[in-house]
């Protein structure tokens, strides 16, 4: 217990949240970059402080990304892209403050609840987690990808196309099993594959800037701040308790889904966010309001992504397998201190882990406090003419790409993906499935090939193992159900 | 052609080309299995997209070539090349004004001021975190 | 990802080498086993040399990105490459050429990692011989996963071929996924390094070590034999070491080598590693290159055994 009372830990946590907020809020600097940059400092802190800092960065950045997403439709982090669906329309209506507050409360509450999930469920999950081998993992990823493609707003077929595109693009680079270069066209730079950061920055951020500029030109908008017209009309930056009650189910859903997704290694916060959004939309009485400023949409997206933070540590402390970058770097921090996370970790290090849980829970209050202050400041940014913001964000996006690998060649990747992004927007191809498939692709392929190696290329193994079969059947059932529902809806419209 | 049809055909073409090119770009056959399976699926679904009934598509034609769009891309590309040759700071100082002018801003004083502020902020941000820019 | 770490202390330097700060390039992620061991050793060396040592992480492409970055630096003796000897042959398993060790001048090794074969305690075999017998009677039933060392996996494949048994082999990305897989029953055998999560589990009794697959013995498992001792011709060899450019001045090589030896003998350093169950030791430059050569032999297995 006396571990907790050290100032070092509190400062580390608070510092982490602050830096995370800022980094998340600048499109171009994401949580990944924030963590990569702060890691060297963590080596000199004691393990709890180091972890508090890394997790603080995650928490801060996961909310921070929502700020530009809501204000400018430019997500500060890839997972905030979903928050923008309802956040941006709301802020166009002059209700930016309301949107931001919704996002803030949803994020912090879901994060806090999921930290509790981490605390109470880590041990039982450890039992279950060990049952997930390569076969099961592959089935789960297929399930997630199916869900994401089928529920796409533009239609299941094109959703699947988007997913497939993402999977194909993820094949460029190193073969996941052997590490050999693949589809690299002889280029040394490509042989390592394109990191998610340049990809997301180009695909989402740069393409969004260019697209918005084109749209503005087409619609003949003046260069003045877009909000001046509506601001006088409808300004409403409050967030009432009634609205909170309205969002509560979405937040609860986000916590559950986010925790589940976070606990599975390698799936990611973007998936958590998107799945919560989709689930909330389906459960809502007014699904047509989603995409136009539904508060529950924002709450769902933010709760979904923040709830992943705590449970992301579950595979790490129960099995020693980091499920995402933050966990991987925390693994590094542990190793530096001579601790080896693995299946024995929870038994041997219980006091340390409990200390970590408690710090995580209280960090959410930091997010709440700093987040509230920060959003007040950022709201002022809206009065700056859009074009200046675009130009600045563009530069930061390029800087962000460089920081990841200290390599200017990556900038070309950003450029390439920005072209892809604009093509997708023009061609009506949904962008989120592509992004998620790009992230999950290597993992999926790795697990499938490991399974094939272990079972002598027997494809039916996916159906003979119970857990794997369950997920694959679920995917099938959901696909059939949703397609049936859609054709039913089309018929009823006629 | 609706935009979906264009997308669909492009997807199908991409799938086909990857399917045939892949074996030449890998070190071992095993590496090419996954991409090829994906590319065949792409061809399949690309064709489905072309055939599927358009869901209430209002616009039936798509403006394929937008000169301003290309201008933006060229701007980004030149900025990147500039960065590779001369580093971040000179590039920011040069490209930000071009960018703003291209976006249609006309107030030159504001442009210069903003460029300087941004460069300052970049320096502040980045130096605080100990990263160093290119010379 | 560039992580420049300016370790404290910038005192006036002596006239001889080293006169400037030294940079160490680690071609793997910050926090990995190579990286964390290096940082501790570097910390002690910095005190001996009285000059800052900066650690530069350049992960990617199984170490080749950091390697390429190192080769581009000036051969003035102030940039050191930290590399495991087994990684010189990694490109071979990807269908390419091994890395030419003539490009380097060895300084010395500081950790030899032995790769151990583990099984579950409930398995019907308790020793290596029993394993082979069981595998003969049950072809295609056993599953093996490597814990991140591809060359060790190929050594095991060689053993399988020599003993004409049928075991399914796959590769895992690291010690942790491998350990989780065997504890969860998804594979029956894994290889893991000394100090890896599988080894930690074995020390707690959850896994049983059957034999060693690399070329050195371990004090804590005295009954385990290496493949060479058991009559097979191949064994992997993993040694973490420091390398300089082939054209770097000999003075640099000599100084660093001496300091490394001195530092590794210190009790405080040994204590820092004790909790992980690994024992760093000094290996001379020649021994380092011997380890690399042994690796080259294992590279033959790729052609021998195919994919």
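Protein chains in written order, with this note's numbering: chain A, 206 to 699; chain B, 3 to 137; chain C, 1498 to 1804. Don't be surprised by glycine CBs; every beta carbon is placed ideally from N, CA and C.
Three-state class that DSSP yields for residue i in the structure shown
i, result
"residue 32 (chain B)", "helix"
"residue 1579 (chain C)", "strand"
"residue 37 (chain B)", "helix"
"residue 359 (chain A)", "coil"
"residue 604 (chain A)", "helix"
"residue 636 (chain A)", "coil"
"residue 620 (chain A)", "helix"
"residue 1553 (chain C)", "strand"
"residue 48 (chain B)", "helix"
"residue 1742 (chain C)", "strand"
"residue 222 (chain A)", "helix"
"residue 1781 (chain C)", "strand"
"residue 314 (chain A)", "helix"
"residue 513 (chain A)", "coil"
"residue 296 (chain A)", "helix"
"residue 501 (chain A)", "helix"
"residue 54 (chain B)", "coil"
"residue 1620 (chain C)", "coil"
"residue 589 (chain A)", "coil"
"residue 476 (chain A)", "helix"
Residue i versus the options, residue with shortest Cα-Cα distance
i, options, result
"residue 649 (chain A)", "A:406, A:346 and A:399", "A:346"
"residue 445 (chain A)", "A:550, A:310 and A:561", "A:310"
"residue 302 (chain A)", "A:586, A:691 and A:681", "A:586"
"residue 344 (chain A)", "A:287, A:678 and A:689", "A:678"
"residue 224 (chain A)", "A:244, A:690 and A:388", "A:244"
"residue 607 (chain A)", "A:407, A:307 and A:491", "A:407"
"residue 1641 (chain C)", "C:1661, C:1688 and C:1785", "C:1688"
"residue 1740 (chain C)", "C:1582, C:1725, C:1537 and C:1526", "C:1582"
"residue 1686 (chain C)", "C:1788, C:1625, C:1717 and C:1723", "C:1625"
"residue 360 (chain A)", "B:114, B:113, B:54 and B:20", "B:54"
"residue 684 (chain A)", "A:609, A:238 and A:365", "A:365"
"residue 603 (chain A)", "B:106, B:105, B:107 and B:79", "B:79"
"residue 702 (chain A)", "A:266, A:332, A:350 and A:382", "The requested residue 702 (chain A) is not part of the displayed model; chain A covers only 206 to 699."
"residue 89 (chain B)", "A:636, A:612, A:641 and A:635", "A:612"
"residue 264 (chain A)", "A:547, A:572 and A:627", "A:572"
Close beta carbons around residue i, own chain, < 8 angstroms, minus the five adjacent residues each side
i, result
"residue 1743 (chain C)", "1572, 1599, 1600, 1601 and 1602"
"residue 1586 (chain C)", "1595, 1596, 1648, 1792, 1793, 1795 and 1796"
"residue 435 (chain A)", "The predicted model places residue 435 (chain A) with a pLDDT of 45, which falls under 50 and marks its position as unreliable; any figure quoted below should be read in that light. Excluding positions up to five away in sequence, the list reads 297, 298 and 299."
The ligand HEM heavy atom lying under 7 angstroms from the CB of residue i
i, result
"residue 1705 (chain C)", "With respect to the ligand HEM, the structure offers nothing, as it holds no ligand at all."
Beta-carbon proximity list for residue i, same chain, < 7 angstroms, skipping 5 on both sides
i, result
"residue 666 (chain A)", "340, 656 and 660"
"residue 550 (chain A)", "522 and 525"
"residue 285 (chain A)", "270, 271 and 274"
"residue 394 (chain A)", "614"
"residue 1649 (chain C)", "1612, 1643, 1688, 1710, 1711 and 1733"
"residue 638 (chain A)", "353, 354, 357, 364, 367, 368 and 371"
"residue 96 (chain B)", "84"
"residue 1566 (chain C)", "1522 and 1555"
Counterpart residues of residue i in DSSP-defined beta bridges
i, result
"residue 1613 (chain C)", "C:1689 and C:1709"
"residue 378 (chain A)", "A:387"
"residue 1735 (chain C)", "C:1610"
"residue 1643 (chain C)", "C:1668"
"residue 1523 (chain C)", "C:1554"
"residue 1603 (chain C)", "C:1740"
Assumed close pair residue i, residue j - CB separation to whole angstroms, cut-off 8 angstroms
i, j, result
"residue 687 (chain A)", "residue 355 (chain A)", "5 angstroms"
"residue 379 (chain A)", "residue 397 (chain A)", "6 angstroms"
"residue 1757 (chain C)", "residue 1604 (chain C)", "6 angstroms"
"residue 229 (chain A)", "residue 261 (chain A)", "Contact flag wrong, Cβ pair sits at about 12 angstroms."
Nonlocal neighbours in the same chain, by C-beta distance under 6 angstroms from residue i, ignoring five residues either side
i, result
"residue 504 (chain A)", "307, 311, 452, 455 and 456"
"residue 45 (chain B)", "14, 17 and 18"
"residue 87 (chain B)", "none"
"residue 232 (chain A)", "273, 279, 281, 410 and 598"
"residue 583 (chain A)", "272"
"residue 438 (chain A)", "In this prediction, residue 438 (chain A) scores a pLDDT of 44, lower than 50, which makes its location untrustworthy; the coordinate-derived value is nonetheless stated afterwards. Cβ neighbours of residue 438 (chain A) beyond the five flanking positions: none."
"residue 496 (chain A)", "290"
Chain D contact for residue i (CB, 8 angstroms cutoff)
i, result
"residue 655 (chain A)", "Of the protein chains in this structure, namely A, B and C, none is chain D."
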